[in-house]
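Peer 1:
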Amino acid sequence: MAEFKLKIRRYDPETGAAPYWDEHTVELEPHRSVLEGILQARNEKDGSIGVRCSCRSAICGSCGVRVNGKPGLACHTHLDDALASAGEDGVIEVEPMGNMPIIKDLIVDMDAVHWKKIQRVTPWLIGKEPVPEREYIVSRESMIDVTQSMACIQCGACVSDCLSMEVDPLFVGPAALAKSYRFVGDPRDAAHEQRLKDLGEDKHGIYDCTHCFKCIEACPKGVAPMNQIMRLRRIAGNDFHIKDRNNGERHEAAFVKNIEKNGILHEADLLPDSYGGKFHPRAVPELISSLPIVMTALLRRKMTPAKALLHPHEAPEGVKRIFEVVEGRDQRNEFNLYISGTDADNEGTAEVAELIEAAEPAGVAPDGTEGSSA
Amino acid sequence: MKVAYWPGCVSRGFTSELHGSMAAVAPMLNIELVELDRANCCGAGVIAEHSQELADTLNARTFALAQQEITQGADLMMNICSTCQGAQSECQQRLDASAEYRAQVNETLSDEGLEYQDGIINKNFLWVLVEDIGLDKLKTLVRNPLTDLRVGPFYGCYIVRPTDRLDINRAQPRDEYLDQVIEALGGTVIDYAGSHKCCGFPIITMNKEASLEQAGRHLADAVDAEADCLVTPCPLCHLNLDLQQPMAAKQVKRELNMPVLHLPQLVGLALGLSPEDLGLQHHIVKPTAVIDWSQAVVGGVGGW
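Read top to bottom, the protein sequences are chains L and B.
To convert, take the position in the first sequence, counting from 1, and add 663; that gives this note's numbering.
To convert, take the position in the second sequence, counting from 1, and add 221; that gives this note's numbering.
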């Protein structure tokens, strides 16, 4: 048994009083969870502490909180690990998750920012017609791929820390977009294009993510929502060529073209090209609105007109060759670490893999879904 | 030490003062820069969004060019851009994970006679400062301690997350290095909400309001915490925080006037270089607070 100090953020909106910190010392074995610490404080010290929990085994997703500022499951965080990440005073800080209104103490209202958004992405399979007589046949890799987003337990840790949602509460958000990939990545689903068009055209959809990696860091289940969002963008832009009104596809295409031509980024072209080109009606108001900044930049010699207008750098032959080879492939060669694992992970498992391979029919699934490169 | 030096694109484009200040600071830190002038853009996550293999192959090419320099005596590869660090580390993780995949990528590079071998060490200047030069050594080189200068660190997402890929842990707290460097230079670290958040730059063409709102909020938080300036190891953050600051101020409906320095500029000031040598005159937000301070310590800067 050891003593742990827990500092719990308390707030009851109904009282009208401001939030405050409440400190309790609990006695538990170090491998016990922060949740058990909170429950001991509630049971033995102060019955009014509000906390939501159910399974206590990291599978129901009820006890999402922030421990020492980082979101996660209270039941999945050992007290000794929490102490190790605590400040110098050795006090473990427990707060409610962010980006969501507080109902009481550690309990947040996940309805508007989480559940409504999950509903918004049509979170069910829209089966392909005609329905086969027996089961749908799909490749093994494509199903392993979607198990990553299926691992989500809806705890809201990613939503809690999403930096786009912090400024744009309407952002569909990491959890719901990962859920969307669960169906866009599923070869049995018939509505890939409609799903992507919907989320690409939405100003608060797939192109509202800033790649800040917060959700990857937050997720206690390894879902890596941001990676799933990038896959949604890749499929929207490259497979369905969806030209969204948010310039998401245009920006990506302009960037790729820019590097193919120049080898390194020529920013002066990237901005107008992301809006469809210098003379595109969409680009003109953007360029006019940035004129004062351009003037200041020229005045301060941050850039010179020659540097902005000319192309001093041309892509080396080697770079052009890489574009030629990789962009010329019939099928995307996408190495997926989640499916393949690292060589170190797979050491000794090669024989097992061979057995599985031998037991399965070779080749790509009939629907042409992408698999791993391996 | 000698490094295979990848400056990135933006440091030679819209923030050329970054490239210049690194060149000015390097000899004072005894770093010999061997510039990888044939190398290419890291893709900034956007090329990976288009095609992972394309991003991986382009960065494998840069790594292979760096490894040629390493064979000829360079200690490691160094970059000066958080985004390059993150995007390149992501590709390196995939390339180093599988010999089979690496062979496919190297097959494409073979046309140019290049080959990437796994395990390259690629570090941002910030990491080199702390891990290879060392804070104690850095302290001995300081000629003008940044006494009374209140500096807010702004890391940039790509250099602090995900922690496992970037080898950030308690023994190697790379997400605290900027604070440590500011202190070693004699400055005061300002604690404010935005230090490890996103500047918003990646969505400036997709959702301008949300992008500028992020930049504006972090800058306003720094103003409220009474910072004299911010410092960042990421030129892309610099674009949203400095170049776009007038627009960000409009978005958050506040006056900001928060100077944003590139990391080598802050180091250079402490090592005794003049603000002009470090290109501070090229910034959109005039670094008045920094200059006032420099005048008191360094003497007149002239030419403003």
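Think of the CB as a built atom: it goes at the ideal place given N, C-alpha and C, for glycine as much as any other residue.
How big is the Cα-Cα spacing for residue 304 (chain B) and residue 266 (chain B)?
Peer 2: The alpha-carbon atoms of residue 304 (chain B) and residue 266 (chain B) are separated by roughly 8 Å.
Peer 1: So is residue 683 (chain L) in contact with chain B if we call contact Cβ pairs under 7 Å?
Peer 2: Cβ-Cβ to chain B under 7 Å: no for residue 683 (chain L).
Peer 1: Reducing DSSP to helix, strand and coil, say where residue 767 (chain L) ends up.
Peer 2: Three-state DSSP puts residue 767 (chain L) in a strand.
Peer 1: Whose C-beta lies closer than 6 Å to the C-beta of residue 870 (chain L) among residues of the same chain, with five residues either side of it excluded?
Peer 2: Correct list, in chain order: 909 and 911.
Peer 1: By a C-beta neighbour count over all protein chains shown, 10 Å radius and 16 as the cutoff for buried, is residue 968 (chain L) buried or exposed?
Peer 2: Under this definition residue 968 (chain L) is an exposed residue.
Peer 1: Would residue 933 (chain L) and residue 916 (chain L) qualify as a contact pair, given that the criterion is a beta-carbon distance under 7 Å?
Peer 2: Not in contact: residue 933 (chain L) and residue 916 (chain L) (Cβ atoms no closer than 7 Å).
Peer 1: Tell me the DSSP secondary structure of residue 670 (chain L) in three-state form.
Peer 2: Three-state DSSP puts residue 670 (chain L) in a strand.
Peer 1: Can you name, in chain order, every residue of its own chain whose Cβ lies under 7 Å from the Cβ of residue 235 (chain B), other than the five neighbours on each side?
Peer 2: Hits under 7 Å: 460 and 464.
Peer 1: Please report the Cβ distance between residue 415 (chain B) and residue 442 (chain B), rounded to the nearest whole angstrom; I am assuming they are in contact, meaning their Cβ atoms lie under 8 Å.
Peer 2: Residue 415 (chain B) to residue 442 (chain B), Cβ: 5 Å. Contact.
Peer 1: Grab me the residues of residue 882 (chain L)'s own chain with a C-beta within less than 7 Å of its C-beta, minus the 5 sequence neighbours each way, in chain order.
Peer 2: Cβ neighbours of residue 882 (chain L) beyond the five flanking positions: 820, 821 and 888.
Peer 1: State the beta-bridge partners of residue 690 (chain L) as determined by DSSP.
Peer 2: Note: residue 690 (chain L) sits in a beta bridge opposite L:666.
Peer 1: Taking 7 Å as the threshold (C-beta atoms), are residue 278 (chain B) and residue 985 (chain L) in contact?
Peer 2: Against a cut-off of 7 Å, the Cβ pair of residue 278 (chain B) and residue 985 (chain L) comes out as a contact.
Peer 1: Would you say residue 319 (chain B) lies against chain L (beta-carbon separation less than 7 Å)?
Peer 2: True, the Cβ-Cβ gap to chain L drops below 7 Å.
Peer 1: In the DSSP output, what is residue 450 (chain B) paired with across the bridge?
Peer 2: B:372, per the DSSP bridge assignment.
Peer 1: Among residues of its own chain, excluding the 5 on either side of residue 444 (chain B), which ones have a beta-carbon nearer than 7 Å to its beta-carbon?
Peer 2: Same-chain partners within the cutoff: 477 and 479.
Peer 1: Based on Cα-Cα distance, which residue from L:768, L:744, L:753 and L:875 lies nearest to residue 680 (chain L)?
Peer 2: Checked all of L:768, L:744, L:753 and L:875; the closest Cα to residue 680 (chain L) is L:768.
Peer 1: Does any residue of chain L have a CB that is nearer than 7 Å to the CB of residue 435 (chain B)?
Peer 2: Closer than 7 Å to some Cβ of chain L, the Cβ of residue 435 (chain B) qualifies, so yes.
Peer 1: In chain order, what residues of the same chain lie with their CB nearer than 6 Å to the CB of residue 503 (chain B), ignoring the 5 residues before and after it?
Peer 2: 238.
Peer 1: Is residue 964 (chain L) close to chain B, meaning its C-beta is less than 7 Å from at least one C-beta of that chain?
Peer 2: By this cut-off, residue 964 (chain L) is an interface position.
Peer 1: As a quick exercise: from L:899, L:739, L:850 and L:879, pick the residue whose alpha carbon is nearest that of residue 856 (chain L).
Peer 2: Closest option to residue 856 (chain L), Cα to Cα, is L:899.
Peer 1: So, is residue 552 (chain B) buried or exposed, given that buried needs 16 or more other C-beta atoms within 10 angstroms?
Peer 2: Absent from the model: residue 552 (chain B). The displayed extent of chain B is 222 to 525, so no value can be given.
Peer 1: Roughly how many angstroms lie between the CA atoms of residue 990 (chain L) and residue 749 (chain L), to the nearest whole one?
Peer 2: One C-alpha to the other measures close to 48 Å.
Peer 1: Is the number of C-beta pairs between the region 224 to 233 of chain B and the region 1006 to 1013 of chain L that are closer than 8 Å three or more?
Peer 2: The region 224 to 233 of chain B vs the region 1006 to 1013 of chain L: no contact.
Peer 1: 7 Å is my cut-off, CB to CB: does residue 724 (chain L) come that close to chain B?
Peer 2: No, its Cβ sits nowhere closer than 7 Å to a Cβ of chain B.
Peer 1: Quick one: grab the DSSP three-state call for residue 413 (chain B).
Peer 2: In the structure shown, residue 413 (chain B) sits in coil (DSSP, three-state: anything other than H, G, I, E or B).
Peer 1: Can you give me the C-alpha to C-alpha distance between residue 788 (chain L) and residue 841 (chain L), rounded to a whole angstrom?
Peer 2: Roughly 14 Å separates the two Cα atoms.
Peer 1: Under 8 Å Cβ-Cβ, which residues of chain B neighbour residue 783 (chain L)?
Peer 2: Correct list: empty, because the minimum Cβ distance to chain B is about 17 Å.
Peer 1: Sort B:448, B:433 and B:417 by Cα distance to residue 410 (chain B) and report the nearest one.
Peer 2: Nearest of B:448, B:433 and B:417 to residue 410 (chain B), Cα basis: B:448.
Peer 1: Within the region 730 to 812 of chain L, note down every full alpha helix (DSSP H) run reaching 4 residues or more, in order along the chain.
Peer 2: The region 730 to 812 of chain L contains these whole alpha helix (DSSP H) runs: 742 to 747 and 779 to 783.
Peer 1: Looking only at its chain, what residues have a beta carbon closer than 8 Å to the beta carbon of residue 903 (chain L), apart from the 5 residues adjacent to it on each side?
Peer 2: Closer than 8 Å at the Cβ level, and outside the excluded window around residue 903 (chain L), lie 855, 856, 859 and 860.
Peer 1: Looking only at its own chain, which residues have a Cβ that is under 7 Å from the Cβ of residue 525 (chain B), when we skip the five neighbours before and after it?
Peer 2: Residue placement at residue 525 (chain B) cannot be trusted, given a pLDDT of 37 that sits under 50; what the coordinates show is reported in the next sentence. Closer than 7 Å at Cβ, skipping near neighbours: 502.
Peer 1: Tell me the DSSP bridge mates of residue 696 (chain L)?
Peer 2: Looking at the DSSP assignment, residue 696 (chain L) forms a beta bridge with L:741.
Peer 1: Just by C-beta distance, which residues in the region 298 to 319 of chain B are closer than 9 Å to chain A?
Peer 2: Although the question refers to chain A, the structure presented lacks it and instead comprises the protein chains L and B.
Peer 1: How would you label residue 868 (chain L), buried or exposed, when you count the other beta carbons within 10 angstroms and need 16 or more for buried?
Peer 2: Buried, since its Cβ has 16 or more Cβ neighbours within 10 Å.
Peer 1: Counting only Cβ-Cβ distances shorter than 7 Å, please list the residues of the region 901 to 916 of chain L near chain B, keeping chain order.
Peer 2: Correct list: 901, 909, 910, 911, 914 and 915.
Peer 1: Where does residue 665 (chain L) land, buried or exposed, given buried means 16+ other C-beta within 10 angstroms?
Peer 2: It counts as exposed.
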